[in-house]
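Right, one structure below, let's go through it.
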Amino acid sequence: MSESRVVRVAVPTPLRRAFDYLAPTGAPLAGARVRIPFGRRETVGVVLGATTEPGVAPHKLKRISAVLDEVPLLDGQSLAFLEWAADYYHHPIGEVLQTALPVLLRQGAPATVAGLEQWSLTVAGRALAVDTWKRAPRQRRLWEALAATPGLSAGALGGLSPGWRPLLAQWAERGWARVEHGDCLSVNAGPPVASPALTASQAQAVSALVGADTYRAFLLHGITGSGKTEVYLQAIARVLAAGRQALVLVPEIGLTPQLVDRFRRRFSVPIAVLHSGLNDSERLCAWLAARAGRAPIVLGTRSAVFTPLARPGLIVVDEEHDLSYKQQDGFRYHARDLAVVRAHRDDIPIVLGSATPSLESLHNVRQGRYALLELPERPGAAALPQVHLLDLRRLPLIEGLAQPLLKHLDDRLERREQSLVFLNRRGFAPVYMCYDCRWIASCTRCDAHMTLHRDVRVSREPPTGRQTPHAASRERPPRHTALLCHHCGAEQRVPARCPACASERLEGIGEGTQRVEAVLARHFPRARIVRIDRDSTRRKGALQGQLERIQAGEADILVGTQMLSKGHDFPNVTLVAVLNADQGLYSSDFRSPEHLFQQILQVGGRAGRAERPGEVMIQTFYPDHALFMALIDHDYHAFAEHALAERRDAGYPPFGYLALLRAEAPATSAALAFLGHAHRLAQPLMPERGVQLMDPVASPMERRAGRYRAQLLVQASQRGALHEFIRKWLSVLDTDPAAKRVRWSLDIDPVMLF
Ligand code: ADP
Ligand code: ZN
Ligand code: ZN
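First residue of the sequence shown: 457, per my numbering; consecutive thereafter.
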């Protein structure tokens, strides 16, 4: 045993600790994967480091079965960051590593990629005449070799001609050749698109960003369309020129193919794009390319915050207010918050950008922790849209739409401009009800109404000839009607008779996007309508196709959910209508007004981005609400001021700190009973002041997918006190027998309180 050492290993298990093993000499001390016996199985763990105080008696220590990485997979810096995250979120380190590593690496696959750089001729390149090379024998040899194969690796090309690289770069520029990087890095083969001259405020922002070469956090607050992306692009260009890498986090890549394109067209360097659509080997390849520094730009969603970089230079978090940065199950981390911590640990600048910054980030600016960069105007002539409120107390609704709105939509059709109708509710009708006895279709597994869905065949196929898609739809009956639960996915047949009173007077009440689409099609039979929501974009590539149709001017009215509000540029949209703005005005979640304001401002920002000014019309029963007043003035700061004052009074974030203990169980009272027990266990551990436990309560939607849910909120005035208490509380809970009978989890800094 003298030749062995004891190491701490992170093992994929829900237990909140690491495990000790005997390691062979010469094995890396930290950051390498190892195969280990664990319980009755073998699994793959990551060595965290050596330990001199093993947690078990020496003779009970098990041996590592195999060391999988000669060179540590994670360097000390990355490993320390992950350990910090596990500690902060009180989450098992083994599961944190599961989140951070590509699935193939978790399974023990070698940390290598098969096909790397691969060069090939384009159609234009293949079509060149042989005598193009009359006076260039070296180039002719390369061309002939490439023409004879589908593609050649860098190694093969080097064997043919040592000076191949500048030549092929030239050919790529002319559109004759292209390079692919192991299928996972995308490179723009054409010449990079030139960057516009920056406005004064953009230039100021860029120079502030690149002026910092140590840690500094910036909040880039720019109204929609003010050129925030342009600021990122130019700052990144400077970072690349200095030989460093940029990590760019975006909310949902699938929703913003335009953004990825913009990065590709601007830079002629490989870009690693990490998103949920990648297969396992693509993800591994992109991750390795980032780690090796082969991808100067790494662009990804939430979990990309864990991607190791060889030479980190800048982190960008676009739309930093977006809720998708917070993981809502398992390891409940917040990618924006972790990105700031990471930048600090890597000692590099970070920029958080948004037209509607989170109150947390605005608060950090006021506290002097973040520097504020503002872009108050849109470049060029583009003006901000005018905001009008439609007072629903006075205006009758015609199937969900007020008369003045219909009139404005008609005007847009006349002027051949596009309109966008925003409604955050998919399906046909949110309620299906019996007019005789008031029976309402509800989910058998959730405390929720079923949504009526109708798969109307409008706006599916592009128009052919003079026929509008709507006219085409008249010839076919609706395909399929069903009741769906938006919470558990359950599907029910639509009853023809009321199950309670056998009446046939059943009807869908209220509007979802499908109904609005149908209503608009009836009002404007010649309009080409495109609906964008989760249902209409389910098929791979569907969203891309719809966005292309909109860009090409093949749509007059766009109807959709928040999918339409994110990041897209619709230059011909001059009218944005918000149908159900009141939802969220008086919700039980203290963050709802903030989210509502952000959503309306974001969707309104899609209007009037080009030369034509836009208009936003908001239907509401509360036209005097302060939130709408601030919206009319586009005054985010006024809104934030008001909202922050409310938060301060309530001791809510960013003025206080929250943790939420959630529990769920198949029996009605088990979850609540467990939280009551947890509440009692907490009493002797509570600090004298600074931490407060609320009473356990049933969750706002108590039953979901057949399980009863309850929650217990912990509120604290100091972060340190909160975490110290949580640590003690968890150590008691983790070993309590009652804790094994329900499913429970702890959410640090929760963003959704139900
Ligand atoms: P944001 O990210 O704030 O929504 P973008 O960077 O997408 O803004 O810019 C909005 C539009 O303005 C884009 O079409 C962009 O190409 C253009 N734009 C940005 N900066 C400039 C500039 N300095 N000069 C001219 N056009 C610009
Ligand atoms: Zn009935
Ligand atoms: Zn359900």
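The beta-carbon is built from N, C-alpha and C at its ideal position, and this holds for glycine as well.
The model shown is predicted, which means the values in this text are computed figures rather than measured ones.
How far does the beta strand (DSSP E) with residue i in it reach, from first residue to last?
i, result
"M1073", "E1071 to T1076"
"I1056", "Looking at the DSSP string, I1056 is not in any beta strand (DSSP E); the run it does join, the alpha helix (DSSP H), is S1048 to G1060."
"V704", "Q701 to L705"
"D1203", "R1199 to I1204"
"A1119", "Y1113 to A1121"
"Y888", "V887 to C890"
"Q1039", "No beta strand (DSSP E) contains Q1039, which DSSP labels as neither H nor E."
"I1013", "I1013 to G1016"
Measure from the alpha carbon of residue i to the alpha carbon of each residue in the options, then state which is nearest.
i, options, result
"P648", "V725, V490, N735 and L862", "V725"
"D1203", "G615, K782 and E855", "K782"
"T685", "A811, L602, A795 and R750", "A811"
"D866", "A1033, Q1018 and R758", "A1033"
"L553", "L1035, G786 and R987", "G786"
"A474", "S898, W1185, R1118 and G511", "G511"
"V986", "R995, G997, L1003 and H979", "L1003"
"P951", "W620, C944 and S959", "S959"
"G809", "V687, E855 and R721", "V687"
"Q701", "L715, T900, D669 and A1127", "D669"
"R461", "T469, R496, P468 and I520", "I520"
"A483", "L624, E1180, H1133 and P528", "P528"
Assign residue i to buried or exposed, taking buried as 16 or more other Cβ atoms, counted over all protein chains shown, within 10 Å of its Cβ.
i, result
"A580", "exposed"
"V1207", "buried"
"P707", "buried"
"C890", "buried"
"P558", "buried"
"R953", "exposed"
"L1189", "buried"
"P1049", "buried"
"T969", "buried"
"S1125", "exposed"
"H1024", "buried"
"L471", "exposed"
"Q1039", "exposed"
"E917", "With a pLDDT of 39 at E917, under the threshold of 50, the modelled position of this residue cannot be trusted; read the value that follows with caution. With fewer than 16 Cβ atoms within 10 Å of its Cβ, E917 is classed as exposed."
"K1022", "buried"
"V586", "exposed"
Are the CB atoms of residue j and residue i within a distance shorter than 8 Å?
i, j, result
"N1028", "E870", "no"
"L703", "L561", "no"
"Y612", "L577", "The displayed chain sequence assigns Ala, not Tyr, to residue 612. Contact flag unset, no."
"T655", "G678", "no"
"L879", "L861", "no"
"L1131", "L1168", "yes"
"A1086", "I1056", "no"
"I965", "A885", "yes"
"P764", "S534", "yes"
"D543", "G487", "no"
"V761", "A791", "yes"
"F1053", "L1100", "no"
Can you tell me which of the three DSSP states residue i falls into?
i, result
"D793", "helix"
"S929", "Its pLDDT being 40, under 50, S929 is placed unreliably by the model, and the measurement read from it follows with that caveat. Note: S929 maps to helix in three-state DSSP."
"G550", "helix"
"L755", "strand"
"C741", "helix"
"T555", "helix"
"W895", "coil"
"I1088", "helix"
"S576", "strand"
"L1083", "helix"
"R750", "coil"
"V821", "helix"
"V950", "coil"
"A486", "coil"
"P648", "coil"
"Q923", "Any reading at Q923 must be qualified, since the residue scores a pLDDT of 40, below 50, and its modelled position is unreliable; the value itself is stated next. DSSP places Q923 in strand when its eight states are reduced to three."
Can you tell me where the alpha helix (DSSP H) with residue i in it begins and where it stops?
i, result
"T685", "K684 to A697"
"P622", "W620 to R630"
"L560", "V559 to R562"
"R399", "In the structure displayed, the chain extends from 457 to 1210; residue 399 sits before or after that span and is not available."
"T969", "T969 to H979"
"Q842", "Segment Q842 to D847 is the beta strand (DSSP E) holding Q842; no alpha helix (DSSP H) there."
Using a Cβ-Cβ distance cut-off of 8 Å, determine whether residue i contacts chain C.
i, result
"F475", "Protein chains in the displayed structure number just one, and chain C is not present."
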